[in-house]
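Just below is one structure, and these are the notes that go with it.
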Amino acid sequence: MLDINTKELTEKVKTYKDDIVLFLSDLIKIKSLDNYEGDAVQRVKTEMEKLDFDEIKIDPMGNIIGRVGSGDTVIAMDGHLDVVDSGDDNQWDFPPFSAMIKDGRIWGRGSADQKGGVASMIYAARIMKEMDLLSELTIYVTGSVNEEDCDGLCWQYIINEDNIRPEFAILTEPSDGNIYRGQKGRMALKVSTKGISAHGSVPEQGENAIYKMAPVIQDIEALNDKLPYHPELGSGTITISQIFFSSASSCAIADGCSIILDRRLTYGETKESVLKELNALGSVKKADAEVEVIMYDLPTYTGLVYPTESYFPSWITPEDHPCVKAAADSFRQLFNKEPLVDKWVFSTNGVAISGLHNIPCIGYGPGNASEAHKANESLEIEDLVKATMMYVTIPQVYLAGKK
Ligand SMILES: [Zn+2]
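Right, here's the structure in full:
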């Protein structure tokens, strides 16, 4: 096992602590909602330039990719730059994009989810360069876009079009001080029935699409209790989140009905298995209902459209994989205690990196998952220091493990 000079690293991170916090507060002040991340990307570019990254590029989708080192072992660290909106501002004790600092915490939308991770990973790359730790490493640091709206789409692009394929990726989403190595997946589906319109006064002359949908709805409710179970990720789930209809008027027989399904996937479930299971429902067959995966095709802030099915597979990196071991060993060396190696409750870009492309992922990031998407979101500043230290150490321990 590699013995990192923890003392030197601690000192180094300490000298950058104020810069990390300042950079993070600048990022929080930029309201980078999905498909409006351009200003945040430019702010990241300025910081990467200041920190003398070896290469900085913004790809056509709008992701910013910084590189340090050009060694044989390629590792990526990813953090998304988009944030969800603030919601009802009256529920916040301060303006949500003010980046207030108080009680050892930084407050605001995006502090925990997940601009803190972005700030830490960028400074970690700088510190690796400064400490001369890159002779065998290529480190890509990606400030990705669009994660909240379409998890993983950015990384489908980075892998397929930017041709970057790391040995593993570190996801810098908030991880509650733990190391995460998996998550459930999800799918968004639409089920539609068709009817025949007729005047509402003579229903026997038409075919009501809503009546055809009624048994489908009941079957889906019952299906939720029968979905596959995995010991690490639990059971898959299904629920109906929305319902739509089409009808000529309130005095006509509905000629169309559709429902939107939020399907959470446990490990081992695939797009094919989910479609098969729904098409096999007696009510779906009887109503001749159409089951389809919803497409995501909104333009990113650069205007690029990169259509994808709303299929985000679950993923697990085995506990004994070298990148999980490297993260756990780094944690032990830096913090002198045993890490909890667990899974995320929410979704991350790992759905594409690991779920679709089989590149192992591990998660470690400043902040708590419970802070995400809620009013008064905040992050403990000390978490930024810990994350920066982890991001410098993990690649070194991983390299040492290869020898
Ligand atoms: Zn996030």
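All you need for our numbering is the position in the sequence shown, starting with 1, plus 83. Ideal Cβ positions, reconstructed from N, Cα and C, are used throughout, including at glycine.
| Asked | Found |
| --- | --- |
| Along the chain, where does the alpha helix (DSSP H) containing Tyr481 start, and where does it finish? | 464-485 |
| Can you list, in chain order, the residues of its chain with a C-beta nearer than 8 Å to that of Leu364? Leave out the 5 residues immediately preceding and following it. | Val299, Asp302, Ile303, Leu306 |
| Within a Cβ cutoff of 7 Å, which residues of the same chain sit near Glu315, ignoring the five residues on either side of it in sequence? | Gly265, Tyr350, Ile399, Lys426 |
| Taking only heavy atoms of ligand 1 into account, decide whether any of them is closer than 7 Å to the Cβ of His163. | yes |
| Would DSSP call Gly283 helix, strand or coil? | coil |
| Check Phe328 in the structure and name its three-state DSSP category. | strand |
| So, is Glu460 buried or exposed, given that buried needs 16 or more other C-beta atoms within 10 angstroms? | buried |
| Reducing DSSP to helix, strand and coil, say where Arg126 ends up. | helix |
| So, helix, strand or coil for Gly260, using DSSP? | coil |
| Is the beta carbon of Gly235 less than 8 Å from the beta carbon of Asn432? | yes |
| Can we count Asp168 as close to ligand 1, meaning its CB is less than 7 Å from some heavy atom? | no |
| Any chance you could list the alpha helix (DSSP H) runs of at least 4 consecutive residues sitting entirely within the region 329-380, in chain order? | 354-362, 365-370 |
| Kindly indicate which three-state DSSP category Arg248 falls into: helix, strand or coil? | coil |
| Under 5 Å, CB to any heavy atom of ligand 1. Which residues pass, going along the chain? | Asp196, Gln197, Glu256 |
| Quick test of your reading: Ile326 and Ile336, contact by CB under 8 Å. State the CB separation rounded to the nearest angstrom. | The pair is not a contact, with the Cβ atoms about 17 Å apart (cut-off 8 Å). |
| Tell me which same chain residues have a C-beta within less than 8 Å of the C-beta of Met183, skipping the five on either side of it? | Phe177, Ile189, Trp190, Gly191 |
| Using the DSSP secondary-structure output, state which residues sit across from Ile253 in a beta bridge. | Met160, Ile445 |
| Going by C-alpha distance, which of Ser329, Gly193, Leu361, Phe328 is nearest Leu310? | Leu361 |
| For the beta strand (DSSP E) that contains Lys277, what are its first and last residues? | 268-277 |
| Pick out the complete alpha helix (DSSP H) segments inside the region 170-234, 4 residues or longer, and give them in chain order. | 199-213 |
| My assumption, with CB atoms under 8 Å, is that Val157 sits in contact with Thr221. Please give the rounded CB distance. | 5 Å |
| Between which two residues does the alpha helix (DSSP H) holding Val96 run? | 89-112 |
| With C-beta atoms as the reference, is Leu107 less than 8 Å away from Ala208? | no |
| Contact between the region 146-162 and the region 224-234 is defined here as three or more beta-carbon pairs at a separation below 8 Å; is this criterion met? | yes |
| Please classify Glu287 as buried or exposed, where buried requires at least 16 other C-beta atoms within 10 Å of its C-beta. | exposed |
| For Lys140, does the three-state DSSP call read helix, strand or coil? | strand |
| What would DSSP say about Val167, mapped onto helix, strand or coil? | coil |
| Restricting to runs no shorter than 3 residues, where is the beta strand (DSSP E) found entirely within the region 401-455? | 444-446 |
| Kindly indicate the opening and closing residues of the beta strand (DSSP E) around Val151. | 147-151 |
| Tell me, please, whether the region 155-175 touches the region 109-126 by the rule of three or more beta-carbon pairs shorter than 8 Å. | yes |
| Looking at C-beta atoms only, is the number of pairs between the region 385-392 and the region 317-334 that lie closer than 8 Å three or more? | no |
| For my contact list, Gly187 and Ile464 are in at a C-beta cut-off of 8 Å; report their separation, rounded to the angstrom. | 6 Å |
| Is the separation between the beta-carbon of Thr476 and that of Leu417 shorter than 8 Å? | yes |
| Could you check if Val285 is buried or exposed, using at least 16 other CB atoms within 10 Å of its CB as the buried criterion? | exposed |
| Buried or exposed for Leu312, please, with buried defined as at least 16 other CB atoms from any protein chain shown within 10 angstroms of its CB. | The amino acid at residue 312 is misidentified as Leu; the sequence shows Tyr. Flag for Tyr312 reads exposed. |
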